[in-house]
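All remarks here apply to the structure that follows.
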């Protein structure tokens, strides 16, 4: 799993706000802190509330966006 480094100040503030989601346009993205990412690219959910939030997010429409589309949405 390759982490993405965020250097944009507004994005950092949104991530550090304590909210569970950030919204870009009409789409919401779940925020979760990962202490240790294993080499097998698998994150094990151990918290019941987090599991419910992930399932809710996965069951919504979540198309894969290209890096160009994400940058355009973020105004980069």
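Numbering (the numbering used here), first residue to last: 1365 to 1440. Glycine included, each C-beta is placed from N, C-alpha and C at the ideal position.
1. Would you check if the distance between the CB atom of residue 1409 and the CB atom of residue 1418 is smaller than 8 Å?
2. Spell out the partners DSSP gives residue 1387 in its beta bridges.
3. Near residue 1392, what residues of its chain come up, given a Cβ to Cβ distance below 6 Å and the 5 sequence neighbours on each side ignored?
4. Taking only three categories from DSSP, how would you classify residue 1374?
5. In three-state DSSP terms, what is residue 1426?
6. With DSSP run on the structure shown, which of helix, strand or coil describes residue 1408?
Looking at the coordinates:
1. The residue you call residue 1409 lines up with position 45 of the chain shown. The residue you call residue 1418 lines up with position 54 of the chain shown. Yes, these two residues count as a Cβ contact at 8 Å.
2. Taking the first residue of the chain shown as 1, we reach residue 1387 at position 23. The secondary-structure analysis by DSSP pairs residue 1387 across a beta bridge with 1392.
3. Position 28 of the chain shown, counted from the start, is the residue given in the question as residue 1392. Counting only Cβ-Cβ distances below 6 Å, and skipping sequence neighbours, we find 1385.
4. Within the chain shown, residue 1374 is the residue found at index 10, counting from 1. Three-state DSSP puts residue 1374 in a helix.
5. As a first step, residue 1426 is located in the chain shown; it is residue number 62 there, counting from the start. Here residue 1426 sits in coil by DSSP.
6. Taking the chain shown and counting its residues from 1, the one referred to as residue 1408 is at position 44. In the structure shown, the three-state DSSP call for residue 1408 is coil.
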